[in-house]
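If you read the sequence shown in our numbering, its first letter stands for residue 824, the second for the next number, and so on.
Glycine included, every Cβ here is placed at the ideal spot set by N, Cα and C.
Keep in mind the model is a prediction, meaning the values are calculated, not measured.
Input: a single structure, listed below in structure tokens.
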Amino acid sequence: MILDIDIGNSFLKWRYACPQRGWVRGRLLSRQLEAAQFQAAEFDCWPDDISRVRVACVAGAPVEALIADYCRQRWSLVAEFARVQEQQAGVRNSYADPSRMGVDRWVAMLAGYRQAGGEVCVVDCGSAITIDFVGADGAHRGGYIVPGVRLMVSSLLVNTARVIADQAVEEFDLTPGTHTSAAVFHGINFVFDAIAQRLLVQLESDYPGAALLITGGDGELFARLAAKGEYCPDLVLDGLHWALK
């Protein structure tokens, strides 16, 4: 069985295909991988008959080394790490230095382009919100990177001394807030919704034939706000097939 792993800034997500159970998935906080109390027992749920491990990691070399060491000890396997390329699976990178692009963006674009069968816009709503456009010819047309919802919250609270958000606002709400917590969270909702609506305008004017594929922890909400596109929670994991064939 092949184990696919996506290590982001917030979560490590994984899956493997079990003949008896179909897709088996799980996740844990990425910070647990760097904690002194981390134990290999975190991954005891992974089966013993794994034959290949494919990884997309943006969490840095120490985390890659930890995963690589685990795979050697547990299965005597060399973990395969996806790397950003100039060209792969029909997609051509627009970066002069491809290594400066996050590998999660790259493999999501590979999966998105192959799934759409042509022109595609890939939105990943994780710690950062990334938006990338790939033409029908496979050329990356560029993209945007903005802070994600949680990053907006933490940045505002850390860098603004007089802002105190002491009440959790559970429901998505765009109405003006009548106390600081509501003003903070509703304001971030306002920005999140504005990104979705502006993207729709740009797709209609500049990329009318593009499929819209959305992934990431806040991707389902983004898809609901846009009322368009397809939510694909495993898009980065799907891309490992194309990055590491």
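Report the rounded CA-to-CA distance for W837 versus D1061, giving the unit in angstroms. Cα-Cα distance, rounded: 11 angstroms.
What is the C-beta distance between S950 and L974, in whole angstroms, given that I count them as a contact (C-beta under 8 angstroms)? About 6 angstroms; that satisfies the 8 angstroms criterion.
What alpha helix (DSSP H) runs, 4 residues minimum, are completely inside the region 869-943? As far as the region 869-943 is concerned, its whole alpha helix (DSSP H) runs of at least 4 residues are 884-898 and 926-939.
Compare the Cα-Cα distances from G961 to each of V926, C948 and S917 and report the closest residue. In this structure, S917 is the residue among V926, C948 and S917 with its C-alpha nearest to the C-alpha of G961.
Expressed to the nearest angstrom, what Euclidean distance is found between the alpha-carbon atoms of L1026 and Q896? Here the C-alpha atom of L1026 lies approximately 48 angstroms from the C-alpha atom of Q896.
Bridge partners for H963 per DSSP, in chain order? By DSSP's assignment, H963 forms a beta bridge with V957.
Where do the ends of the alpha helix (DSSP H) carrying F1013 lie? Unbroken alpha helix (DSSP H) run through F1013: T1003 to D1029.
CA nearest to the CA of F866, picked from R844, D892 and D1016: Nearest option by C-alpha distance: D892.
Pick out whichever of L933, V1024 and C894 has its Cα sitting closest to the Cα of Q911. Of the candidates L933, V1024 and C894, L933 places its Cα closest to the Cα of Q911.
Residues of its chain near E903, where Cβ-Cβ distance is below 8 angstroms and the 5 sequence neighbours each way are ignored: Same-chain partners within the cutoff: R875, V876, R877, V878 and L1067.
Check the DSSP bridge columns for A951 and list the partner residues they point to. DSSP output for A951 lists P970 as bridge partner(s).
In its own chain, which residues sit with a C-beta less than 7 angstroms from the C-beta of G966, not counting the 5 before and 5 after it? Once the five neighbours on either side are set aside, the close Cβ partners of G966 are T953, I954, D955 and F956.
What does a CB cutoff of less than 8 angstroms around W1065 pick up in its chain, not counting 5 residues either side in sequence? Once the five neighbours on either side are set aside, the close Cβ partners of W1065 are Q911, A912, V930, L933, A934 and R937.
Buried or exposed (CB count within 10 angstroms, at least 16 for buried), V1007: That one is buried.
In angstroms, rounded to a whole number, what distance separates the CA positions of V914 and R844? If you take the alpha carbons of V914 and R844, they lie about 33 angstroms apart.
Consider the C-beta atom of G949 and the heavy atoms of the ligand NAP; say whether any pair is separated by less than 7 angstroms. Only the bare structure without any ligand can be found here, which leaves the ligand NAP out of the picture.
Ignore the nearest five residues each way along the sequence and tell me which others in S922's own chain have a CB closer than 7 angstroms to its CB. In the same chain as S922, and ignoring 5 residues on each side of it, the C-beta atoms closer than 7 angstroms to its own belong to V907, in chain order.
Within a Cβ cutoff of 6 angstroms, which residues of the same chain sit near R964, ignoring the five residues on either side of it in sequence? Result list for R964: F956 and G958, in chain order.
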